[in-house]
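Novice:
Numbering (the working numbering), first residue to last: 15 to 326.
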């Protein structure tokens with residue numbers, strides 16, 4: 015507060031599950047919003063650092079939500095600073111200076127890739143995909159909404175196995191995933207949640223959501239009296255989507271299954287009138303996935319950064 019006026023906010027938390035999994039003592043900060051005010055920014059970050067230090071942690075990391083399993087993670091530092099896709103954060107460009115002035119340094123970069131498609135791939139890429147899809151025993155099927163709980167449990171198991179070696183990974187508990195699944199059920203389109211099976215065994219999946227932000231933008235934060243109608247009408251005109259999760263079990267990588275999941279997702283999107291979209295976020299050191307997206311002609315159009323600082 016300054017002269018009775020709110021000029022910023024911040025939150026700090028301890029994720030004991032993350033610390034136990036990674037054998038570290040890290041406190042996270044996030045929900046950071048502030049005017050371009052160096053004094054206020056420094057004060058907010060200092061308060062968060064002291065709160066974290068007072069609880070025995072030796073590092074502060076962020077910005078993000080209470081866990082890296084949620085989308086709102088990282089600060090955009092490069093690329094197009096336009097309207098974010100569903101589930102992705104937005105920040106003014108001056109936040110980066112606030113962080114570096116406080117002594118925060120980059121710990122990991124996260125990429126967002128932009129894709130546009132006319133439903134047709136370059137000849138060599140199409141030939142490669144055709145060979146992968148012809149592999150004996152490989153089936154890529156849509157999520158079975160009639161068996162929602164069983165399929166959701168399967169996705170959780172695949173997620174924990176596929177992401178276990180990734181930077182910042184935290185295993186999803188049954189309770190956490192059940193909450194997330196219930197929250198997303200009304201948003202999920204079965205054709206956009208694909209499961210890859212090899213000889214009947216689930217080995218990978220991909221989850222994409224229509225960019226509902228495209229429909230809510232015209233509401234300007236007002237659902238009533240006619241905002242709800244604008245949203246319902248806007249949903250029918252959505253032309254973009256965001257692929258938020260994609261993974262393949264380690265033993266089944268280098269078989270092209272991830273490429274096939276991307277292709278099948280693009281086909282499903284194009285069939286619904288969606289011709290462009292984002293894949294995010296992808297770890298900067300996930301070379302395999304970044305190469306696949308490059309091969310599809312995607313543009314690495316935004317970079318987000320997770321910062322950290324050692325606390326003395």
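Beta carbons are placed, not taken as given, at the ideal position from N, Cα and C, and that holds for glycine.
1. Please classify residue 153 as buried or exposed, where buried requires at least 16 neighbouring CB atoms within 10 angstroms.
2. How do the stretch 127-146 and the stretch 200-211 stand: do at least 3 beta-carbon pairs fall below 8 Å, yes or no?
3. Does DSSP classify residue 32 as helix, strand or coil?
4. Would you mind stating whether residue 42 and residue 78 have Cβ atoms separated by less than 7 Å?
5. State buried or exposed for residue 178, treating a residue as buried only when at least 16 other CB atoms are found within 10 Å of its CB.
6. When the cut-off is 7 Å and only beta carbons count, does residue 49 lie next to chain D?
7. Could you check which residue in 97, 25, 51 and 24 has the C-alpha nearest to that of residue 232?
8. Applying the 10 Å Cβ sphere with the 16-neighbour rule, what's the burial state of residue 270?
9. Which residue spans inside the stretch 143-207 form an unbroken alpha helix (DSSP H) run of at least 4?
10. When we look at the beta-carbon of residue 49 and count the other beta-carbons within 10 Å, is it buried (16 or more) or exposed?
11. Can you give me the start and stop residues for the alpha helix (DSSP H) that residue 213 sits inside?
12. Going by C-alpha to C-alpha distance, which of 204, 211 and 163 sits closest to residue 191?
13. If you compare alpha carbons, which of 20, 268 and 283 is closest to residue 149?
14. Per DSSP, what kind of secondary structure is residue 320 in: helix, strand or coil?
15. Grouping DSSP H, G and I as helix and E and B as strand, with all else coil, what is residue 255?
Specialist: Judging by the given coordinates:
1. Position 139 of the chain shown, counted from the first residue, corresponds to residue 153. Around the beta carbon of residue 153, fewer than 16 other beta carbons sit within 10 angstroms, so the residue counts as exposed.
2. The stretch 127-146, when compared against the stretch 200-211, does not touch it at the 8 Å Cβ threshold.
3. Here residue 32 corresponds to residue number 18 of the chain shown, with the count starting at 1. Residue 32 falls in the helix class under three-state DSSP.
4. Counted from its first residue, the chain shown places residue 42 at position 28. Counted from its first residue, the chain shown places residue 78 at position 64. Here residue 42 is near residue 78, since their CB atoms are less than 7 Å apart.
5. Counting from one through the chain shown, the residue named residue 178 turns up at place 164. It counts as exposed.
6. Of the protein chains in the structure, only one exists, and it is not chain D.
7. By 1-based counting over the chain shown, the position of residue 232 is 218. Among 97, 25, 51 and 24, the Cα nearest to that of residue 232 is on 97.
8. As a first step, residue 270 is located in the chain shown; it is residue number 256 there, counting from the start. With 16 or more other Cβ atoms inside 10 Å of its own Cβ, residue 270 counts as buried.
9. Under the rule that a run must span 4 or more residues, the alpha helix (DSSP H) segments found entirely inside the stretch 143-207 read 162-176 and 188-198.
10. Position 35 of the chain shown, counted from the start, is the residue given in the question as residue 49. Under the 10 Å beta carbon count, residue 49 is surrounded by fewer than 16 other beta carbons and is classified as exposed.
11. Sequence index remark: in the chain shown, residue 213 carries index 199 (1-based). It is not in any alpha helix (DSSP H) - residue 213 carries neither H nor E in the DSSP assignment.
12. Locating residue 191 in the chain shown gives position 177, where the first residue counts as 1. Minimum Cα distance to residue 191 is reached at 163.
13. Taking the first residue of the chain shown as position 1, residue 149 is located at position 135. The option with the nearest alpha carbon to residue 149 is 268.
14. As a working note, residue 320 is residue 306 in the chain shown. Shown here, residue 320 sits in a strand according to DSSP, grouped into three states.
15. Here the question's residue 255 lines up with position 241 in the chain shown. DSSP places residue 255 in strand when its eight states are reduced to three.
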